[in-house]
Every structure is written in structure tokens, then in C-alpha cells.
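A.B. asks: Note that the protein sequences, when read in sequence, are chains H, V and U.
Letter 341 of the first sequence, counting from 1, is numbered 352 in our numbering, and no numbers are missing.
Letter 78 of the second sequence, counting from 1, is numbered 90 in our numbering, and no numbers are missing.
Letter 188 of the third sequence, counting from 1, is numbered 257 in our numbering, and no numbers are missing.
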Amino acid sequence: MEFNAPAGTNLFDKSRIVGKPTPRIDGPLKTTGTAPYAYERHDVAPNQAYGYVVGAAISKGRIVSMDLSEARSAPGVIAIVAAPETQPLGKARSNIAPLFGGDEIAHYHQAIACVVAETFEQARSAAGLIRTVYGREEGAFDLAAAAPAAGLAKGRGGKPDRKLRGDFEAAFAVAPVKLDAQYTTPDETHAMMEPHATIAAWHGDQLTLWTSNQMIDWAKSSMAQILDMKPENVRIDSPFIGGGFGGKLFIRSDAVMAALGAKAAGRPVKVTLQRPLVVNNTTHRHATIQRLRIGAERDGRITAIAHENWSGNLYGSEGEDGTLQTPKLYSGENRLTANYVAALDLPEGNAMRAPGEAVGHLALEAAMDELAELLDMDPVELRIRNEPQSVPGTPDKKFSDRNLVRCLRDGAERFGWSRRATKPGQVRDGRWLVGMGVAAGYRGGPVQKSGARVRLETDGRITVETDMTDIGTGSYTIIAQTAAETMGVPLEQVTVKLGDSRFPASAGSGGQWGAASSTAGTYAACVSLRRAIGEKLGFNGDTATFADSRIHLSNRTIPLTDAGSMAAEDQITFGEFKREYDVGTYAAHFCEVGVDVFTGETRIRRMLAVCDAGRILNPLSARSQVIGGMVMATGAALMEELAVDKRFGFFVNHDLAGYEVPVHADIPHQEVVFLETEDPIASPLKAKGVGELGICGPGAALANALYNATGVRVRDYPITLDKYLDELPDLATI
Amino acid sequence: MAGSAGYGLSRRGVLAASAASAAFTAVPLSAHSATRKREPGAVPVSFEVNGQHVELSLDTRTTLLDALREHLKLTGTKKGCDHGQCGACTVLVNGVRINSCLSLAVQHEGDEVTTIEGLGTPDRLHPMQAAFIKHDGYQCGYCTPGQICSAVAVLKEIEAGIPSHVQADVTSRPEPSNIEFRERMSGNLCRCGAYSNIAEAIAEVAGAKA
Amino acid sequence: MFLAGGTNLLDLMKLEIETPTHLVDVQDLKLDAIEETTEGGLRIGALATNTAVAADARIRRDYSVLTRAIVAGASGQLRNKATTAGNLLQRTRCPYFYDTNMPCNKRKPGSGCAALGGYSRQLAVIGSSDQCIATYPGDMAVALRVLDAAVETVKADGTARTIPIAEFHRLPGTQPQRDNSLERGELITAVTLPRPIGGRHFYHKVRDRASYAFALVSVAAVLQKDGSGRVAFGGVAHKPWRVEAAEAALPLGAPAVAAQVFADAQPTEDNKFKISLAERTLASVIAQARS
């Protein structure tokens with residue numbers, strides 16, 4: 012099915028299942044520990060051995076020698092796969108350095124060996140007996156030092172990523188009110204709770220990987236590229252994924268080491284990256300330096316806006332583009348965005364939840380708060396004043412459906428925004444300095460083609476098979492809801508099978524496109540099945556009403572089971588018409604914090620998000636997506652930072668004690684409101700994703716609330732207390 | 013880069029080249045080379061898991077977590093960090109919650125271990141499991157068994173009067189309140205960020221009990 | 070090496086930071102009682118868990134700084150397993166100590182200190198040496214320090230001794246590998262608390278998140294109505310940091326105390342904030358005591 016025109020009135024407008032708060036159908040498995048994650052699949056292959064990965068001890072250079080003799084003779088050791096004995100493997104999608112092989116070390120903790128043994132304890136112990144001699148080379152590890160010489164990133168079509176409209180410099184020069192501020196955001200790690208893990212088994216030249224991966228089809232083709240084999244000889248299976256956030260978009264060393272280990276051992280091998288290895292071995296979110304210049308009239312209208320962004324990556328590969336939301340959010344005739352990438356020798360940077368926008372909002376939305384203060388204007392009103400009619404950076408594009416102003420007004424009303432003190436540092440509640448902040452949020456609402464196979468069983472059950480993944484997003488449930496709605500059966504009558512590369516290829520989980528795309532693909536397959544049933548039983552499947560496990564025709568009603576066992580496969584593709592539109596999701600985020608006037612400790616008191624993301628397929632799990640984004644944004648604003656050792660070139664705090672993410676005690680009850688909107692440009696279900704919207708803005712709302720509480724502006728994230736402690740009220744005055 | 017002096021970065025790795033940026037004194041590796049490791053051998057251990065008596069012969073290095081996951085194939089208990097930094101491996105031992113990753117299996121002779129599988133099954137959910145489903149107190153599900161085991165224990169700890177960091181007065185009895193749940197649950201990380209919903213699930217069960 | 074709760078030792082063994090050839094499980098030594106002493110204090114068995122100590126009614130009533138310190142540390146799960154002796158023996162959380170690829174004089178004497186000139190935000194601001202700037206990470210011992218507790222031990226030859234808490238943990242000096250004054254094979258049997266000293270008890274721990282994190286700075290204090298009292302600081306040195314002479318300045322306020330306590334501080338650029346944080350945290354505690 013091609014989605015080639017805006018969606019008209021369809022069955023989802025009268026839905027009984029789609030759009031209703033629905034507990035997850037995989038809930039009973041997840042809450043009882045019976046949902047199988049990658050490393051736990053004891054049943055899929057007999058005689059599994061254990062692999063333990065060894066990471067490089069240097070950040071750049073080469074392996075001079077590796078002595079495996081002691082390790083090889085250690086108890087229980089079956090095989091050792093060692094980088095110097097292995098030709099560098101092929102590089103697949105978005106791998107910057109080879110995942111394994113050869114003498115060259117590209118980054119700290121790059122995999123250099125995998126010990127396979129009968130038990131985990133034996134493999135771990137033997138790994139410690141490998142003796143490696145390195146030749147270390149100098150590297151570049153300091154973004155601030157490398158940024159001035161950084162070149163422009165490659166934008167669309169390989170062109171340098173610098174976009175101009177009007178004459179920014181001239182307009183900024185004459186603007187009556189100007190802000191020029193630099194913000195920095197640190198390297199961050201996904202820190203999903205399940206470390207990367209894979210069980211690999213070979214049957215002749217056929218490789219099966221039971222793994223933890225967000226993108227099954229990419230994984231399949233990537234693995235084939237890496238091992239130089241045919242994609243049809245690779246099977247990937249990931250029915251449950253213990254979190255990804257972008258960190259499991261690509262094949263990483265766990266999968267490669269399991270595959271090579273299994274080949275060397277001649278039996279199935281399971282590998283999980285030990286937690287202290289995950290940070291430097293896999294990908295992370297790049298640090299950024301962002302400069303915002305905004306010029307405005309005294310009435311708040313923006314006349315000039317420039318957002319420049321610097322980040323770094325291995326070999327100068329793709330960086331973190333903080334400017335992404337800036338051409339979309341606010342009006343202004345004269346504009347500049349530019350994105351620079353420096354070459355660094357730190358581990359590979361890559362996508363983490365809302366790549367670009369998540370950190371872009373930390374800068375832009377703090378800058379808007381600063382501008383509002385310069386204008387002596389309410390920050391909610393400033394944003395409303397600059398609401399554009401068409402996409403500011405590309406005015407020939409229309410917004411598909413945008414209700415940001417409603418989000419802001421509705422949120423301000425609900426949050427009691429009018430009680431916010433305009434002047435910062437004024438509100439005290441006992442020992443607490445109290446403040447409120449606001450930020451807008453924008454995240455694109457893209458879609459990708461997505462396929463599914465739908466089967467009707469003789470008992471009237473519906474089974475959906477697609478290689479779509481559920482990384483906590485709620486895919487199982489929204490796909491079941493879509494199939495139940497379209498086929499007219501109760502939700503309980505639907506079985507959903509995900510994550511297996513033997514199923515039709517889907518959009519996968521990334522870029523906030525999964526929900527809209529995979530439900531559209533499921534819908535397409537269901538429509539095909541309805542047509543096939545109609546052909547078999549002699550009616551028009553498109554006009555018949557499927558409801559209550561029956562097919563309602565103008566003159567009669569047929570039980571669905573009359574169709575017998577049937578199956579249909581289809582995919583949704585998206586037509587050219589969408590190019591005229593910018594399909595986005597929007598939010599207004601509000602936050603109230605208390606800051607201890609003595610110690611500077613921050614406690615969040617309230618958080619609210621008002622979201623506009625089209626039809627919400629399952630308000631229960633969509634809300635979870637948004638609050639999860641708000642929690643991660645809280646981490647980014649207040650505590651998360653991979654500390655770079657600029658001498659040794661690695662992330663020092665590479666475990667879950669050193670890299671602090673928010674805990675229960677940090678997070679109060681969170682409010683989320685979804686506006687009842689529909690976006691007919693987005694998909695047949697008029698739905699858009701929310702998984703990344705939730706992290707775009709809350710961190711800035713928090714930062715702005717901190718400023719409102721204390722009167723101290725910190726532009727260097729995370730805003731830890733050491734950065735403002737000395738500017739809090741003098742002890743003698745408290 | 014040049015040089016072959018063999019300066020030690022660590023016991024396992026040797027730097028052949030000196031690094032100008034390395035601001036430390038290095039010593040030759042050979043002085044600290046590990047002696048060859050000996051295999052500790054297997055030891056019998058028996059305990060109860062979810063009411064079932066189990067007898068195992070285990071490498072003494074095996075943690076309770078790996079005994080459950082790898083030997084008994086009770087994979088509901090999760091390994092998130094293996095270092096006591098995340099709480100995904102939380103189980104109840106003799107009714108008390110612990111991190112099973114930081115406990116050797118052979119230390120549990122005769123103990124009663126309850127894992128998530130012992131609390132309830134998909135067909136017979138424990139009230140806490142049902143509350144997590146109702147309030148969507150999870151997303152990816154990986155930290156969930158640990159959260160639920162912890163939550164069940166937290167309510168017992170509050171009932172038993174175990175003090176917490178957020179009590180204004182530690183001589184008083186703790187109350188089953190939102191802030192108490194959040195403080196006591198803080199050893200269970202959830203990167204999906206389901207905290208707000210988990211607190212509501214616990215509140216519901218606590219209310220039902222009261 | 071002795072194994073009790075294992076919450077730090079097993080963590081370190083998995084990383085091969087600790088590589089004992091033999092482990093002796095001491096959990097069944099029945100050293101978990103909390104008993105009153107003839108001097109009117111308490112003797113806490115070495116194997117009493119953190120939870121048991123924090124929850125003990127006598128400790129909550131008479132030594133609540135100790136309860137408060139314990140429940141400010143780690144997590145409920147860890148406190149259920151961790152023991153009193155093991156808590157005293159916690160090793161540093163310096164990230165370079167934890168990464169076996171890095172030079173660390175504490176882990177590998179003579180190899181150097183990667184933390185010097187490296188990421189030192191969490192590390193010591195006082196009492197450090199050019200060999201080591203690690204901090205002692207625990208909370209319980211900071212409270213024990215203001216309570217003038219003592220550590221009872223038995224040596225391998227069977228002789229018992231009592232080590233004042235002030236002398237239990239060491240400064241790194243030229244031997245940072247030695248965290249404390251225990252001899253090889255010496256086993257902690259108990260921690261004793263002297264008679265209760267009354268006053269209001271405080272333990273304020275400041276960290277980057279609201280719970281389950283090591284201290285940036287912590288303040289253990291017992292303050293009397295007349296403004297006198299005792300105070301010790303955690304998170305600032307290789308041992309709980311108390312300067313008794315400075316306590317005379319408590320009635321004058323936090324800045325007067327902090328000026329003396331941190332007179333010899335040698336912070337790094339990354340962690341110099343800990344000195345003002347310690348001062349402000351003490352000010353907060355004093356303000357609470359006066360309210």
C-alpha cells in the first residue's frame with residue numbers, strides 16, 4: 012500500500028481499540044521475568060559456550076604483540092579469537108572503526124580478543140591472562156581545542172552543512188535586542204539496562220544471532236557485510252530488547268565476537284559486553300559546543316537567528332547536530348545554521364535518543380529564556396509571538412499539523428505559570444529557592460516503509476508477524492491494537508510476533524518513526540488480508556465492515572472464521588506528496604525546581620509536558636515514552652556526563668556508579684497531556700511518534716527553572732552544583 | 013612514536029612507546045606479572061529457590077545471580093551491571109532483598125531464595141506485578157523483575173519500621189508515602205524512566221494492604 | 070582474605086582489582102549482635118548488617134547520626150548485605166583505581182597516579198599525597214568518627230586490640246595501597262560506641278543525584294544546645310576528616326570551622342568546590358540545629 016494522499020475519514024476515526032489506553036500485551040511476560048532477552052535464550056541452541064570480550068587498553072595506536080599462551084592453556088578455554096590473528100572485518104552501516112581485527116587500535120576498549128570457555132567464570136579469568144604490548148600514538152581528545160579548526164559537516168547531498176536565509180549578520184547588527192551566548196553539552200551514554208548481548212550459532216554457512224538490536228533488517232545486512240557473507244544466510248532474532256535509545260541501532264562487537272567465537276569454538280557462543288566496557292566499546296552521544304545569536308525587535312519578534320554547532324567524532328565522521336530544530340521552531344527572516352565536526356580519537360559518537368535535537372533544545376530553549384529576560388517579556392509569550400506560519404528555514408514547506416501555541420497556552424494554564432516570579436531568585440520556601448521554567452519542544456515525525464504479514468487462523472485468531480522491534484516503546488501492543496481494529500476482533504484475539512528477520516522487514520525502532528510506520532504497515536497487511544477474504548467469500552473487502560469477529564455486509568453478516576486459514580503480506584510505503592510538508596511533533600514543557608540555598612542541591616518539584624503528536628495510538632504507553640524522555644532529559648540537564656581524560660583519551664566514568672543517571676528519588680510524579688490532534692499527512696492512522704519528543708525540551712525547562720530559582724545562569728551542561736555554588740546567596744545573608 | 017623499554021600501564025597491558033601526554037611514573041610490568049591462575053574447582057551447594065530444593069555443584073566464583081540465570085535457567089533475574097550499581101538482579105533471600113550479583117552462590121547454603129518467577133506467573137500474577145501492568149510501570153522490561161522484587165520488599169521494610177534517608181525523624185515509624193517509596197527504590201535504576209508510574213503501582217499495592 | 074557481605078570485594082574481584090588466592094567466608098562467625106557495653110555504650114558486631122545497625126532502636130535513639138549516615142549510603146539491597154566491618158573496609162571509588170589499564174599507586178604500588186592531572190572531581194581535597202588523591206567513599210565511618218567509636222580486632226596470632234576510629238583509616242602518604250591500619254590476617258570483630266553524648270544528630274550528604282550515589286561532601290555532626298559539638302566530613306579525604314581543634318569554633322558558625330578544617334587543603338581545579346560545599350553544608354546543619 013502506498014500512502015500517497017492525506018488520510019481521509021477512515022476506520023480509525025471511529026476506533027474502539029486504537030487510541031484507547033491499553034495495558035501492554037507483553038506485560039504479563041515482562042513482569043514475571045518470562046520475556047526472553049538475548050543472553051537468556053538457553054533453549055534456542057544446545058551446548059552454548061561463554062565468550063568474554065577484552066577491550067584495548069589504549070585509545071590510539073597499534074598492538075605490537077599479544078601473548079595468548081597462558082590464556083589458551085587456562086582451564087575451560089575452548090578458543091580465543093584475537094585481533095592480530097584476524098583480518099580487519101568489513102565495516103557496516105554506521106560503524107566508523109572496524110568492530111574487530113588487525114593491529115590498529117582506533118579507540119579505547121575497542122575489542123581486541125574474545126575468550127571462549129565452558130563457563131563464564133573461566134572465560135573471564137582466562138581473559139585476564141592475555142598479555143598485550145601496545146604502541147601508543149598521540150591522539151586528539153579535546154573538543155574545545157579541536158573545534159576552531161573543524162570543518163563543516165556534510166549535509167544533504169554531501170554539501171557543506173551551512174544554511175543561510177536573508178542576511179543574518181546585517182539583521183543581527185541592527186537588532187535592538189541581542190543575545191549572543193555559547194552553550195556546551197557533554198558526551199553522554201545510553202546506559203540501557205540490558206548491556207549489548209548476543210548468542211551466535213552456525214549451521215554450515217548459516218548464521219543465527221539471538222541478539223538485542225533495534226533494527227533487524229539493518230542488522231542482517233550489516234552482519235553480512237561485516238563477515239562478507241550473503242544476507243540470506245544471516246538470521247537475526249530480537250523479540251525483547253532491554254532498552255536501546257540508539258545504542259542498539261547497529262551491529263556492535265558483542266554480535267561480531269559471538270559469531271567469530273562460535274565459528275572458532277565449533278559450537279554456539281553467548282557474549283555480553285561487561286558493563287564497564289559498554290561506554291567506550293560502543294557508541295555514545297557526542298559532546299557539543301553551540302553558539303546562539305538571536306536578534307529581536309523590542310516587541311519580541313525575532314529578526315535574526317543563528318545557531319552554530321561544533322562536535323567531534325572519530326575520523327571527523329558524523330557529529331551531533333544541535334541545530335536541527337532551529338529552522339523549524341521560531342520565525343525570523345534572517346537565519347543561519349551551521350554544523351561543524353572535528354576529528355577526535357575518542358570512541359565512536361552516534362545516535363542517542365533524538366540525536367541533535369535533544370541537545371539542541373538545551374541550547375536554543377535556554378537562549379529563548381535569556382532573550383525573554385532581555386526583552387522583559389514572558390517566555391511563553393515570546394515563543395507564541397514567534398510562531399511561524401510556514402517552516403521558517405524552508406518557507407516553501409507547510410507544517411502538516413502544528414499546535415505548539417495550544418501546547419504552550421494549555422500548559423501555562425495547567426501549570427499555574429502565572430504564579431511564576433518574573434525576577435529570578437525571589438521565591439523562598441524554607442531552605443529552598445524555588446523557580447519555574449518553560450521550554451518548547453520540536454521533533455520530526457518521520458516515517459519509513461514498513462512491512463508485515465497477517466494471518467487469520469481457523470479459530471478466528473489473528474497473528475501479525477513483522478521484524479519490527481519493541482524496545483520498551485509498546486510496539487507489541489499498538490500493532491495488536493491496529494490489527495484488532497482493522498480485522499474487527501477483540502485485542503485478546505491478536506498475537507504479535509516481532510524482531511525476527513524471517514518476518515517482513517519493518518521500519519524498526521529509531522528516529523521516532525517506529526510507531527507510525529509499523530502500525531501503518533500492519534494496517535496495510537490487514538487491508539490486503541481483508542481483500543483476500545473478500546475475494547474468497549465474494550465481497551469487497553474495502554467496503555465491508557469487520558467488527559465483533561464478523562464481517563458485516565449490506566445484506567448479511569458472515570463470521571470471520573468462515574474464511575478459514577488465510578494470510579496476507581504487505582508493506583506501507585510513503586508517497587511524494589509528503590515532501591511538501593514538514594511533519595513534526597510538538598510539546599510545551601514546564602518544570603518547577605527547588606534549589607537548596609545552602610548546598611545548591613536541586614530537587615524537581617513538578618514536571619508537565621503538553622504534547623501534540625497526532626493520534627495517540629495507546630495513551631498509556633505513549634505517556635510512558637514521554638515521561639521516560641523527561642527523565643533522560645533530567646539526567647542530561649542535571650547530572651549526566653562522560654568525563655573525558657584528555658591525556659589517555661577515554662571516558663573515565665565508564666560504569667553505572669561513575670556515570671550517574673536519575674534514580675527514583677530524583678523524579679516526582681510527572682504530568683503528561685496529549686492534545687487530541689490528528690495529522691492526516693503523517694500516516695493512515697494520522698499518528699506520529701512520541702519517543703523522542705519527550706527528551707526535546709524538558710532539560711531546558713529545568714535549566715530555566717534553575718535560573719528562575721537562583722538567578723544564576725549556567726550554560727555548561729550538566730548543571731551540577733559546583734558550577735553555581737559560589738553564586739548562591741552568601742552564607743551571612745541566608 | 014618509538015622506544016621498546018616496556019613501560020607498564022597495567023598488569024595486562026604494556027606500552028611499548030612512551031606517551032608524551034602521560035603524566036605519570038611508570039614501572040616495568042615484569043615486577044607485577046600475575047602468577048598463573050589456579051582453577052578453584054567445584055563445590056556442592058544446596059538451597060531453596062521459589063520453594064524448590066536445588067542442589068548444584070558450582071565453581072566457587074559463581075555468583076548467586078549466575079547460579080540462577082545460567083545453572084537453574086531462572087532468567088527472570090537480570091544482569092544489568094554485575095557490580096551492584098543497577099539493582100536489576102534484586103532477589104529476596106530469606107525474605108530480604110539483596111543484589112544477587114554481589115553474592116557468591118556458595119554463601120547461600122540452606123537459604124530460601126525468591127526470584128521474580130516465585131512471586132507470580134503470567135496466569136497468577138502477584139498484586140505488585142498486576143499493579144506494574146496497570147500503571148505501565150516499565151517499558152523495556154529489563155529492570156522490571158528487580159523493580160518488582162524490590163517493591164515487594166520495600167513495603168515489608170516500611171512495615172517493619174526500617175528507617176530511611178528521607179525520614180525527618182529516624183526514631184519514628186516510616187510511612188508508606190511517595191517520597192519513601194522513591195528513596196527506598198533508588199537502588200533500582202530504570203533507564204526507560206518509568207519511575208513516576210512505578211511509584212504509583214507501589215502506592216496502589218500499599219493502599220490495598222492498608 | 071576475609072569475605073563477609075561481599076558487596077565491595079566481589080565487585081573488585083570481578084575486575085581483578087582484588088585477586089585473593091583464598092577467600093575465607095566469615096559470615097557464620099556469629100559476630101552480628103548489637104549489645105550494650107559495661108561502659109554504657111554499644112558494641113556492634115562486625116557482621117551486623119548496615120540495615121540492622123541503622124534500624125536498631127538504641128542506635129536510632131542515642132546515635133542517630135549513625136543511622137542517618139548508613140541510610141544515606143548505597144541502596145536498600147546493598148545495606149541488607151553489607152556488614153559493619155566490610156563497610157569500614159570499603160575501598161576508594163577513584164575511577165582510575167577501578168580501571169586496571171590505568172596507573173594507580175593504590176592498586177599497583179609504584180605505577181603512578183592517573184588521577185593527578187586527570188578526572189578528579191570526586192577526589193580528595195585534603196590529606197592527599199603526590200602518590201594518591203583518592204577518597205574514602207563510605208558514610209558510616211564518618212558518623213563513627215564523630216562518635217569516637219573504636220574498632221575491635223583480633224590478629225592472626227589471636228591477640229586482640231582496639232583501634233580508635235581516628236587511627237583506623239590512614240592517609241595515603243607514600244603507601245596509598247594501605248587503606249587502614251589493619252595488619253595482614255587481622256579480623257575486625259566489633260565496633261564499639263562510647264556512652265551517648267546527647268545533642269542533635271545530623272548527617273547531610275550532598276551528591277549529584279538524590280540517592281544511591283557517593284558523596285561529593287558529607288557532614289556528620291552532633292550539636293549541643295549551647296552551640297558546641299563535633300563535626301566530621303566525608304568525601305574530602307582518604308579517611309573521614311575531623312579536626313577536633315576546629316570544633317571550638319562551632320558556635321561562631323560554619324566559615325570559622327571550615328577555615329580551620331580545610332586550612333591545609335590542596336584541591337585540584339576540578340574539586341576545589343568541595344571546600345565551599347563543605348562549609349555551606351555545615352552551615353545548613355548548624356542552621357537546622359538552631360531552628
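All residues carry an ideal CB built from backbone N, CA and C; glycine is no exception.
Assign H/Cys1 to one of three DSSP states: helix, strand, or coil.
C.D. replies: For residue 1 of chain H there is no data in the structure shown, the boundaries of chain H being 12 and 745.
A.B. asks: Determine the burial state of U/Gln200: buried for a count of at least 16 other Cβ atoms within 10 Å of its Cβ, exposed for fewer.
C.D. replies: buried
A.B. asks: Starting from H/Arg278, follow the beta strand (DSSP E) in both directions and report where the run begins and ends.
C.D. replies: Neither: H/Arg278 is in no beta strand (DSSP E) and is coded neither H nor E.
A.B. asks: Could you give the DSSP three-state label for H/Met226: helix, strand or coil?
C.D. replies: coil
A.B. asks: So, with DSSP's three-state summary, where would you put H/Gly62?
C.D. replies: strand
A.B. asks: Among all the DSSP beta bridges, which residues are the ones paired with H/Met379?
C.D. replies: Answer is none; H/Met379 lacks a bridge partner.
A.B. asks: Just the Cα atoms here: how many angstroms apart are V/Pro40 and U/Gly181?
C.D. replies: For V/Pro40, the predicted model reports a pLDDT of 31, less than 50, meaning its position is unreliable; a value from the coordinates is still stated below. Each residue's alpha carbon lies about 12 Å from the other.
A.B. asks: Pairs of beta-carbons, one from the region 723-742 of chain H and one from the region 603-622 of chain H, closer than 8 Å: are there three or more?
C.D. replies: yes
A.B. asks: Do you know whose CA, among H/Phe661, H/Phe111, H/Ser635 and H/Asn244, lies nearest V/Tyr150's CA?
C.D. replies: H/Ser635
A.B. asks: Measure from the C-beta of V/Asn111 to each C-beta in chain U and report whether the shortest distance is under 8 Å.
C.D. replies: yes
A.B. asks: Answer yes or no: does any C-beta atom of chain V fall closer than 8 Å to that of U/Gln96?
C.D. replies: yes
A.B. asks: Excluding sequence positions up to five away, which residues of its chain have a Cβ less than 6 Å from the Cβ of H/Pro17?
C.D. replies: Pro691 and Ile692
A.B. asks: Assuming U/Val291 and U/Leu319 form a contact by the criterion Cβ under 8 Å, report the distance between their Cβ atoms to the nearest whole angstrom.
C.D. replies: Their Cβ separation, rounded to whole angstroms, is 10 Å, which puts U/Val291 and U/Leu319 out of contact at 8 Å.
A.B. asks: Cβ of U/Tyr188 less than 8 Å from any chain V Cβ?
C.D. replies: no
A.B. asks: For the region 237-244 of chain H against the region 33-46 of chain H, are there 3 or more C-beta pairs whose distance is under 8 Å?
C.D. replies: no
A.B. asks: Identify which residue in U/Arg162, U/Leu192, U/Arg278 and U/Lys150 has its Cα closest to the Cα of U/Thr120.
C.D. replies: Per the Cα distances, U/Lys150.
A.B. asks: Buried or exposed for H/Ser80, please, with buried defined as at least 16 other CB atoms from any protein chain shown within 10 angstroms of its CB.
C.D. replies: exposed
A.B. asks: Can you tell me where the alpha helix (DSSP H) holding H/Phe179 begins and where it ends?
C.D. replies: Phe179 to Val185
A.B. asks: Which parts of the region 520-577 of chain H are runs of the beta strand (DSSP E), unbroken and 3 residues or longer, counting only runs that do not cross its ends?
C.D. replies: For secondary structure counted as the beta strand (DSSP E) over 3 or more consecutive residues, the region 520-577 of chain H holds these complete runs in sequence order: 556-558, 561-563 and 568-570.
A.B. asks: If we cut at 8 Å on Cβ distances, does V/Arg196 have a partner in chain U?
C.D. replies: yes
A.B. asks: Can you tell which of H/His600, H/Arg472, H/Thr480 and H/Val507 has the C-alpha that lies nearest to the C-alpha of H/Asp573?
C.D. replies: H/Arg472
A.B. asks: Evaluate V/Ala43 with the Cβ neighbour count: other Cβ atoms within 10 Å of its Cβ, from every protein chain shown; 16 or more gives buried, anything less gives exposed.
C.D. replies: For V/Ala43, the predicted structure reports a pLDDT of 33, less than 50, and the residue's modelled location is therefore unreliable. A value from the coordinates is still provided. Classification for V/Ala43: exposed.
A.B. asks: What's the call for U/Val275, buried or exposed, on a 16-neighbour Cβ count within 10 Å?
C.D. replies: Label assigned to U/Val275: buried.
A.B. asks: Closer than 7 Å by C-beta to V/Thr127: which residues in its own chain qualify, once you throw out the five before and the five after it? Chain order, please.
C.D. replies: Val61, Asn62, Leu80, Leu86, Gly88, Thr89 and Val103
A.B. asks: Quick one: is V/Pro188 near chain U, going by C-beta distance under 8 Å?
C.D. replies: no
A.B. asks: May I ask you to report which of helix, strand or coil DSSP gives H/Asn719?
C.D. replies: It is helical.
A.B. asks: Can you give me, in chain order, the residues of the region 203-221 of chain H that have a beta carbon less than 9 Å from any beta carbon in chain U?
C.D. replies: Listed in chain order, the positions of the region 203-221 of chain H with a beta carbon within less than 9 Å of a beta carbon of chain U would be empty, since no residue qualifies.
A.B. asks: Hey, could you find the ends of the beta strand (DSSP E) U/Leu78 is sitting in?
C.D. replies: Premise fails: U/Leu78 lies in the alpha helix (DSSP H), Leu78 to Lys83, not in any beta strand (DSSP E).
A.B. asks: Which residues, taken in chain order from the region 267-296 of chain U, show a beta carbon closer than 9 Å to some beta carbon of chain H?
C.D. replies: His273, Val275, Arg276, Asp277, Arg278, Ala279, Ser280, Tyr281, Ala282, Phe283, Leu285 and Val286
A.B. asks: Among residues of its own chain, excluding the 5 on either side of H/Gly21, which ones have a beta-carbon nearer than 8 Å to its beta-carbon?
C.D. replies: The amino acid at residue 21 of chain H is misidentified as Gly; the sequence shows Asn. For H/Asn21, where only same-chain residues beyond five positions count, the Cβ hits under 8 Å are Pro695.
A.B. asks: Going by DSSP in three states, H/Asn244 sits in which element: helix, strand or coil?
C.D. replies: The answer is helix: DSSP assigns H/Asn244 an H, G or I state.
A.B. asks: In its own chain, which residues sit with a C-beta less than 8 Å from the C-beta of V/Ser33, not counting the 5 before and 5 after it?
C.D. replies: With a pLDDT of only 36 at V/Ser33, under 50, the local geometry of the prediction cannot be trusted, and the value read off the model is given with reservation. For V/Ser33, there are no CB contacts under 8 Å within the same chain when 5 residues up- and downstream are skipped.
A.B. asks: Unbroken beta strand (DSSP E) runs of length 3 or more, entirely within the region 434-479 of chain H: which are they?
C.D. replies: 438-440, 443-455, 461-467 and 473-477
A.B. asks: Would you kindly work out how many angstroms separate the C-alpha atoms of U/Arg129 and U/Leu135, rounded to a whole number?
C.D. replies: 8 Å
A.B. asks: Quick one: list the residues of chain U neighbouring H/Met650, beta-carbon separation under 7 Å, in chain order.
C.D. replies: Asp277 and Arg278
A.B. asks: Identify whether U/Ile266 lies in helix, strand or coil by the three-state DSSP scheme.
C.D. replies: coil
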